[in-house]
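Protein chains in written order, with the numbering used here: chain A, 40 to 538; chain B, 40 to 538. The beta carbon of each residue, even a glycine, is placed where N, CA and C say it ideally should be. Everything below concerns the one structure shown next.
2 protein chains.
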Amino acid sequence: MRTGGVLNILGKLLLLLSIFLLTPIPFSYYYDDGMMTVFLVSAILGVMLGGGLVCSFQPEEELGYRDGFAVVVFSWLGMALLGALPYYFSGVMDSFVDCIFESMSGFTTTGSTILAQVEILPKSVLFWRALTHWFGGMGIIVLTLAILPLLGIGGMQLFQAEMPGPTKDRLAPRIQDTARILWSVYVLFTLTEILLLMLGGVSFFDAVCHAFATLATGGFSTHTASVGFFDSAYIESVVIFFMFVAGVNFSLHYHGLRGRMSSYWQNEEFRFYVFLTAFAVVTIIIANLIYGTYDSFSQTVRTGFFQVTSILTTTGFGTADFDSWPPVCKILLVSLMFVGGCAGSTGGGIKHVRLLLFFKYARLQLRNLIHPQAVGTIKLGKVKVPREVLISILGFFALYVAFFFLATLVVTALGVDIVTGSTAVVATLNNIGPGLHLVGPVQHYGHLPPLAKVVLTTCMLAGRLELYTVVVLLTPDYWAMAKKPVLRWKQGTKASTPK
Amino acid sequence: MRTGGVLNILGKLLLLLSIFLLTPIPFSYYYDDGMMTVFLVSAILGVMLGGGLVCSFQPEEELGYRDGFAVVVFSWLGMALLGALPYYFSGVMDSFVDCIFESMSGFTTTGSTILAQVEILPKSVLFWRALTHWFGGMGIIVLTLAILPLLGIGGMQLFQAEMPGPTKDRLAPRIQDTARILWSVYVLFTLTEILLLMLGGVSFFDAVCHAFATLATGGFSTHTASVGFFDSAYIESVVIFFMFVAGVNFSLHYHGLRGRMSSYWQNEEFRFYVFLTAFAVVTIIIANLIYGTYDSFSQTVRTGFFQVTSILTTTGFGTADFDSWPPVCKILLVSLMFVGGCAGSTGGGIKHVRLLLFFKYARLQLRNLIHPQAVGTIKLGKVKVPREVLISILGFFALYVAFFFLATLVVTALGVDIVTGSTAVVATLNNIGPGLHLVGPVQHYGHLPPLAKVVLTTCMLAGRLELYTVVVLLTPDYWAMAKKPVLRWKQGTKASTPK
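Take a look at the structure:
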């Protein structure tokens, strides 16, 4: 591994984050919440750390395939650590573990909080929470659409063909191009949502924070009652629309904004996403009507639309306590938690496309049982899916199941009950936010044992980075190679790239 | 499809079951419980139905590959239906749905019961419950070791090489040979357990019934308190040993009994089974010691060993109410419910070998990420696993997840709470018996809505027949082919077999 090159990139990222750490200062000044020093000190520490790394380590002209894993994992760890400082210095949280939990929850766009009440926080800290989502969301778009496909992670290479920018080439220059294109889409949507929320009477501060949390499918709100605080059908509709938008592959938006609206419907994953949303909304509305959960029809419809979109896109905003809904709704919502957004969106979870291929394979297997000599292929849209991708999805599921099982085992071993413990793991591993029971939509994670918080923080990170990235770094093989540069794998990508 | 040939086999099976229907009569006479007419009438109806089928339809010289699916599914449906008659005629159950549930639970060796109290049943009916397990267990051994591999179901073809009997050949003659060998092993173990239980002071009646339920990994007991009724370390040890034995691939037992004891440890699935059992036993004993669930150390150890073996082998016998154990034990036991026994055992669930290959694949994927140009293969023992088998396992998981999700959705939609509903599906789909909460180890299934019982009955059948078998019959493709014999698939197996 080119450790120097990796640390140089990490340093640059921390410098960038330090600039972002200054942005809450105007809010602190305006609302006079006395947090200016907190953010200034955090930013200075960030500059010292980041600057130190950049000065100590030379940038590498080219980073190798395997270095990508280290860059990705250390980036998120570095962000979570630096981003936790304002929470720690402001004294709004009891322990550093809590600060790291909240910070990781922000940068991974999870939205699980350890806070019982959020209104009591200084405004600038609330802004920082929302900003960590937005910053993390930017990272995820680049990660899933530009970096992971190059690393060949869990079927993500499939989307390479459809992407606007890079091909299987050197990491740096093309990634920057792709990032610039996708970020402009991201910024454009954020500004539009801010504007639309303000038209609905939301304050500038709340509009910015909620738009940040929506586009990143994060879920941190500036109110304990979340979006339910506004109690407005218009505002909920705006948020529903942008949650849905944030759950779509951003390269589709890129095409859409360039006038090729047909690319949405031509995308099979998008159609599956629309179908699943519609199915869940209808089922939940019918169930809540039959059980008479709400007095009014309109509230049933509103909460149904809102919660399904919020959970399926892994945002985690709330307008209703779905933990008090009938069992069938709870099962459906927990199942949707596993699905997550589309690949290339800011949403977490297993992703629609993996599920789609999973079931396509089951269908092909059934057909093969009836016609044993027929050779079947699986297509996604018009593209034939290679077997390697299918098998990498099997591997992804194995890691996913193992992670889910081990994390749940540890959390419940610490005395957490089974519904709380298992749904807390589901909610963090899939980057959603709320689970059920003691971590339900009107609850929080603050009361969990510290070790459980550490495990759940790891789940957020692993889930966000598609598991493989984190697990690869935990294998001795990865580090053994790093220590023996003579055995370094000849990089196919590098060798075949004309200079 | 050769409908006539399939119905002829079904008729013969029903005739055989009718003979078994006569065996409770001596018990009825001895205990004078007035059930002789019930069993006689049931047997006569069975003979009429079975005889009618045998006389109306000619046996086919050879049955095709696709006919196998129909034979398997209709066999279990036919057994469940005929086996429900004694329950219905004796009037011990409220509805025919309950009778079918209990009968299917018997023949699929699930062991879920709709009865709150079992001691109040006539002795002969208790014997019949145990006998349905034993009869079903015989069916399962033949199914998994001789029929499913021929049908190419979900990776089961892998064991063909290791089996004592058949090769990929015509169904009938070789299957009979295999069946005879494996049944003699099954009978031998059953007789040994009866003897050992009687040496521990258990009555002949209880010994027979419990041995039947153990070797079939069923779980029906003649006492509401299950094996806990005897409150004897010796009896529990005997049952633990034979539950463990019943969870092992029966072809290993065949080799073992012929003196090749080394074949056990050479089998990688067996080693994984031993490892997983040991891991779960130790974890649960430690957790129960820390939580102080029991006053005495010996009881903690005894219940730990018993419950792990009972759940992992999908037997479902109880000596303790594990629903009152600490959360980590409950999560571990529920996770073990998915695993099930080894392939080729009478145990249900996903099977150890599938899980083993699943995780081997994850490991290979991780290695491939680090060495992208290396070509990896997966071995099971010394045999290289073909890609087709790996991919068929992916298909199996997809069907499994879909079945689990849909069944849980329907059961909870009927108003059952989420823990009860989801664990009831887990317990029936994996052929275990008890779940948690309202279907926990000291509870029963009788209070569930009738439609939920129908769904759970379907889960038992589908889980027992490795999903594919049942789902294939539900595809229009299967029946479309059947209607158009001119398009009938050329049977590779038949064509290549020299007469």
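Chain-order list of chain B residues neighbouring A:Q404: G193, I430, S431, L433, G434, F435, A437, L438 and Y507, by C-beta distance under 9 Å. Counting only unbroken stretches of 4 or more residues, the alpha helix (DSSP H) elements lying wholly within the segment 242-291 of chain B are 243-254 and 272-285, in sequence order.
Residue burial is scored here from C-beta neighbours: B:E158 has fewer than 16 other C-beta atoms within 10 angstroms and is therefore classed as exposed. Of the other Cβ atoms in all chains shown, 16 or more fall within 10 Å of the Cβ of B:L154; this residue is therefore buried.
Within the segment 107-118 of chain A, those residues whose Cβ lies closer than 9 Å to any Cβ of chain B are, in chain order, F108. Residue-level contact by beta carbon holds for B:D456 and chain A, with a gap shorter than 8 Å.
Taking the beta carbon of B:Y517 as reference, the chain A residues within 9 Å of it are L405, L408 and I409, listed in sequence order. In the structure shown, A:L504 falls within a coil segment according to DSSP collapsed to helix, strand and coil.
Under the rule that a run must span 4 or more residues, the alpha helix (DSSP H) segments found entirely inside the segment 326-410 of chain B read 336-351, 366-378 and 391-409. Counting the other Cβ atoms within 10 Å of the Cβ of B:T416 gives fewer than 16, which makes it exposed. Scanning the segment 103-180 of chain A from its first residue to its last, the whole alpha helix (DSSP H) runs of 4-plus residues come out as 106-129 and 135-146. Residues of the segment 339-370 of chain A that bring their beta carbon within less than 8 Å of a beta carbon in chain B comprise P365, P366, V367, K369 and I370, in sequence order. Beyond the five residues adjoining it in sequence on each side, B:F108 comes within less than 8 Å, by CB distance, of L190, T508, V511, L512 and Y517 in the same chain, given in chain order. A:A452 belongs to the set of residues whose beta carbon lies under 8 Å from a beta carbon in chain B. The beta carbon of A:L46 lies closer than 7 Å to those of L92 and F96 in the same chain, with the five residues before and after it left out.
For A:G103, no CB of chain B lies under 8 Å from its own CB, so it is not counted at the interface with that chain.
At least one C-beta of chain B is nearer than 8 Å to the C-beta of A:A401. In this structure, B:L184 lies away from B:T148, with their beta-carbon atoms at least 8 Å apart. When 9 Å is used as the limit between beta carbons, B:F244 is near no residue of chain A, the shortest such separation being about 38 Å.
The way I'd put it, the segment 451-470 of chain B does touch the segment 358-368 of chain A; three or more beta-carbon pairs between them come closer than 8 Å. Cβ-Cβ distances below 6 Å link A:T462 to G474 and L475 in the same chain, with the five nearest sequence neighbours on each side left out; the list follows chain order.
Not a single CB atom of chain B sits nearer than 8 Å to the CB of A:G89. Per the Cβ contact rule, the segment 113-121 of chain B is in contact with the segment 495-505 of chain B (3 or more Cβ pairs under 8 Å).
Non-local beta-carbon contacts of A:L79 in its own chain, meaning distances under 8 Å to residues more than five positions away in sequence, involve L61 and I64 in chain order.
For B:I471 and B:P488, the gap between their C-alpha atoms comes out near 20 Å.
Secondary structure at A:L512: helix, using DSSP grouped into helix, strand and coil. For A:V422, the pairing in a beta bridge is given by DSSP as A:L419. The C-alpha of A:L221 lies about 40 Å from the C-alpha of B:L394. Taking the Cα positions, A:I370 is about 37 Å away from A:P411. Ranked by how close their Cα comes to the Cα of A:L375, the residues B:N469, B:F444 and B:F311 have B:F444 in first place.
Two segments are said to touch when three or more pairs of C-beta atoms, one from each, lie closer than 8 Å; by this definition the segment 280-297 of chain A touches the segment 243-261 of chain A. The residues G343, F344 and V347, in chain order, have a CB closer than 7 Å to that of B:V320 in the same chain once the five nearest residues on each side in sequence are set aside.
Contacts with chain B at 8 Å (Cβ-Cβ) include A:T447. A contact is defined here as three or more CB-CB pairs under 8 Å, and the segment 128-145 of chain B fails this definition with respect to the segment 239-249 of chain B. Identification of chain B residues near A:A252 by a Cβ-Cβ cut-off of 8 Å yields none; the smallest Cβ-Cβ distance measures about 28 Å. With contacts defined by Cβ atoms closer than 8 Å, B:T353 and B:I179 do not form a contacting pair.
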